[in-house]
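Q:
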Amino acid sequence: MLASRLLAALLLALSATALVYRGGDISSLIIVEQQGVTFKDIDGVPGKFEDIAKLHGMNAARVRVWTSGQYNLTYALEMGKRIKDAGMTLMVDLHYSDNWADPGKQYQPVAWGTTVPELTVNIFNYTRDVVLAFAAAGIPIDVLQTGNEINSGLLWPTGENTTPEGWANVATYLHAARNGAREANFPGKVMIHLANGWDEPGETWWWSNVLAQGTYTLDDVDMMGFSFYPFYGTTATYANLTYSLHTLANLYNKPIMVAETDYPATSCNGTALSENFPNTPLGQEEWVGGIVAVLDSLPNGLGQGILYWEPGWVGSAALGSSCADNLVFDETGKARTSVKYVAVNREELASDVKHSIFELMRL
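FYI, in mature numbering (1 follows the signal peptide of the UniProt record, and there is no 0) the residues of the sequence shown are -18 to -1, 1 to 345.
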């Protein structure tokens, strides 16, 4: 019965979308331009990346911020101005690390000290100062991520959530980050971002544990974000994503977005993908269209948005995967037809999406 209702809602949603945020993480843009890449539209006419993307439906863009290194605050402010000047929603992704942070590594900044009290003060101050820096530059943040894919915690080793003490520290750090944003009078939305949005047991485990600490509460979070990729395991299906996101929406009644995704435009070197779309620009559009349909099916309009991860990172087209090219721009900087990924007609995707959703009927 539940499966039938989910399926009906999903297919109904294929005809239209009410997503608030439709965009991508474009953090590498300035770096790519500095390497000499000129972006061009589908017809070959040169233009700014953000203008081309906006023309084809993008209205939001995210930039990551490291505490030092290549994607530092100075770089992020420059990117933020580009995003705001294009008239887009600005999303800022705080990694709380000197380098990449993800489920496999969440190393604390070297300069932040090693004790829980020191780290609590530093995450508060840093979050406050970043929010204030963007505001002072005239480019206020609209959506703020306090951490990047923090399934395994943040600010390791004290914030690694493998022990009761680790969970308590995770809650303390996240609450301090939210309070830092409050201290800066942040008017936007704060989002928690986890990987593997299709994994309902893993996502509910994380949320139940962090909230059980009593320090971090639902009042501290405005949105829930999830990554959803097709090439890290064949269980990342629309059916599993639908079940997972509906469960979370019903449990917590928070707006939800798919904060990272992409799909191959070319060969995946034998890697099995979780849905059976072609490795082509059309397949990229179909993959995104299916995710939009899942989001549109969430109750009470809680499906809020989708971000494609680094759609124009020319020179790093694999994007960390075994697939050769996941970009919506080719190696010359020319837009593929999949640049329209947030403007696809979901009605045309119905037959492609149905095959992966029907397994819900067995629930």
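Where a beta carbon is used, it is the ideal one built from N, C-alpha and C, also for glycine.
Any heavy atom of the ligand PLP closer than 8 Å to the Cβ of R4?
A: Of ligands this structure carries none, so the ligand PLP is not represented either.
Q: Once the 5 residues before and after R110 are set aside, which same chain residues still bring their CB inside 8 Å of it?
A: Your numbering for residue 110 matches position 128 in the sequence shown. The answer, listed in chain order, is G162, A163, E165 and A166.
Q: Per DSSP, what kind of secondary structure is E267 in: helix, strand or coil?
A: Start at 1 with the first residue of the sequence shown, and residue 267 comes out as number 285. It is helical.
Q: Would DSSP call G148 helix, strand or coil?
A: Within the sequence shown, numbered from 1, the residue matching residue 148 stands at position 166. Three-state DSSP puts G148 in a helix.
Q: For Y3, write down the residues that DSSP places opposite it in a beta bridge.
A: Here residue 3 refers to the residue found at position 21 of the sequence shown. For Y3, which the question treats as bridged, DSSP gives the partners G287.
Q: Which full runs of the beta strand (DSSP E) of 3+ residues lie inside the segment 29 to 98, going along the chain?
A: Counting whole runs of 3 or more residues, the segment 29 to 98 contains the beta strand (DSSP E) stretches 42 to 47 and 71 to 76.
Q: Please classify Q88 as buried or exposed, where buried requires at least 16 other C-beta atoms within 10 Å of its C-beta.
A: The count along the sequence shown starts at 1 and reaches residue 88 at position 106. By the 10 Å Cβ count, Q88 comes out buried.
Q: From the DSSP output, which residues share a beta bridge with E142?
A: Within the sequence shown, the letter at position 160 stands for residue 142. Beta-bridge pairing links E142 to G135.
Q: Looking at the unbroken alpha helix (DSSP H) that takes in G184, where does it start and where does it end?
A: On the sequence shown, residue 184 is found 202 positions in, with the first residue counted as 1. Segment E182 to A194, the alpha helix (DSSP H) holding G184.
Q: How many angstroms separate the CA atom of N81 from the CA atom of Q17?
A: Within the sequence shown, the letter at position 99 stands for residue 81. Within the sequence shown, the letter at position 35 stands for residue 17. Cα-Cα distance, rounded: 21 Å.
Q: Are there 16 or more other CB atoms within 10 angstroms of the CB of W187, so buried, or fewer, so exposed?
A: Taking the sequence shown and counting its residues from 1, one reaches residue 187 at position 205. The residue is exposed, with fewer than 16 neighbouring Cβ atoms inside 10 Å.
Q: Nearest to W180 by CA position, among L301, V103, N222 and A159, is which residue?
A: Locating residue 180 in the sequence shown gives position 198, where the first residue counts as 1. Considering only alpha carbons, the answer is N222.
Q: Consult DSSP for Q16 and reduce its assignment to one of helix, strand or coil.
A: Position 34 of the sequence shown, counted from the first residue, corresponds to residue 16. Three-state result, Q16: helix.
Q: Would DSSP call A241 helix, strand or coil?
A: For the purposes of this step, residue 241 is identified with residue 259 of the sequence shown, where counting begins at 1. Looking at A241 - three-state DSSP - the assignment turns out to be strand.
Q: Run the CB neighbour count on L76, radius 10 Å, all protein chains shown included, and call it buried at 16 or more, exposed below.
A: Position 94 of the sequence shown, counting from 1, holds the residue named residue 76. Looking at its Cβ environment, which holds 16 or more other Cβ atoms inside 10 Å, L76 is buried.
Q: To which residues does DSSP link G207 through a beta bridge?
A: Here residue 207 refers to the residue found at position 225 when the sequence shown is read from its first residue. According to DSSP, which records beta bridges pairwise, G207 is partnered with H175 and M239.
Q: Quick check: what's the CA-CA separation for V14 versus G51?
A: The residue labelled residue 14 in the question sits at position 32 within the sequence shown. The residue labelled residue 51 in the question sits at position 69 within the sequence shown. If I take the Cα positions, the gap works out to 16 Å.
Q: Considering Cα atoms alone, identify which of S298, C305, P293 and L301 is closest to S320.
A: Reading the sequence shown from its first residue, position 338 is the one you call residue 320. That would be P293, whose Cα lies nearest to the Cα of S320.
Q: Decide if the segment 258 to 267 is in contact with the segment 60 to 67; the criterion is three or more beta carbon pairs, one per stretch, under 8 Å apart.
A: The segment 258 to 267 is not in contact with the segment 60 to 67.
Q: So who's on the other strand from K316, going by DSSP bridges?
A: Within the sequence shown, residue 316 is the residue found at index 334, counting from 1. Per DSSP, K22.
Q: Could you round the C-beta distance between H157 and D202 to whole angstroms and report it? I think they count as a contact, below 8 Å.
A: Within the sequence shown, numbered from 1, the residue matching residue 157 stands at position 175. Within the sequence shown, numbered from 1, the residue matching residue 202 stands at position 220. With a Cβ gap of about 6 Å, H157 and D202 count as contacting.
Q: Measuring CB to CB, does D208 end up less than 9 Å from S226?
A: Start at 1 with the first residue of the sequence shown, and residue 208 comes out as number 226. Start at 1 with the first residue of the sequence shown, and residue 226 comes out as number 244. According to the sequence provided, residue 208 is Phe. The question's Asp does not apply to it. It is a contact, given that the beta carbons lie within the stated cut-off.
Q: Taking just the CA atoms, how far does L114 sit from V74?
A: Mapped onto the sequence shown, residue 74 falls at position 92. Mapped onto the sequence shown, residue 114 falls at position 132. When rounded, the distance between both Cα atoms is 13 Å.
Q: Tell me whether the beta-carbon of V324 lies closer than 9 Å to the beta-carbon of F311.
A: Translated into the one-based positions of the sequence shown, residue 324 becomes position 342. Translated into the one-based positions of the sequence shown, residue 311 becomes position 329. Cβ atoms of V324 and F311: not closer than 9 Å.
Q: Does the distance from the CB of G283 to the CB of V276 come in under 9 Å?
A: Position 301 of the sequence shown, counting from 1, holds the residue named residue 283. Position 294 of the sequence shown, counting from 1, holds the residue named residue 276. For G283 and V276, no; Cβs fall outside 9 Å.
Q: Considering just the uninterrupted stretch of the beta strand (DSSP E) at T128, what are its terminal residues?
A: Here residue 128 refers to the residue found at position 146 when the sequence shown is read from its first residue. Its beta strand (DSSP E) spans residues V125 to T128.
Q: To the nearest angstrom, report how far apart L37 and A150 are at their CA atoms.
A: Numbered from its first residue, the sequence shown carries residue 37 at position 55. Numbered from its first residue, the sequence shown carries residue 150 at position 168. Computed Cα separation, rounded: 45 Å.
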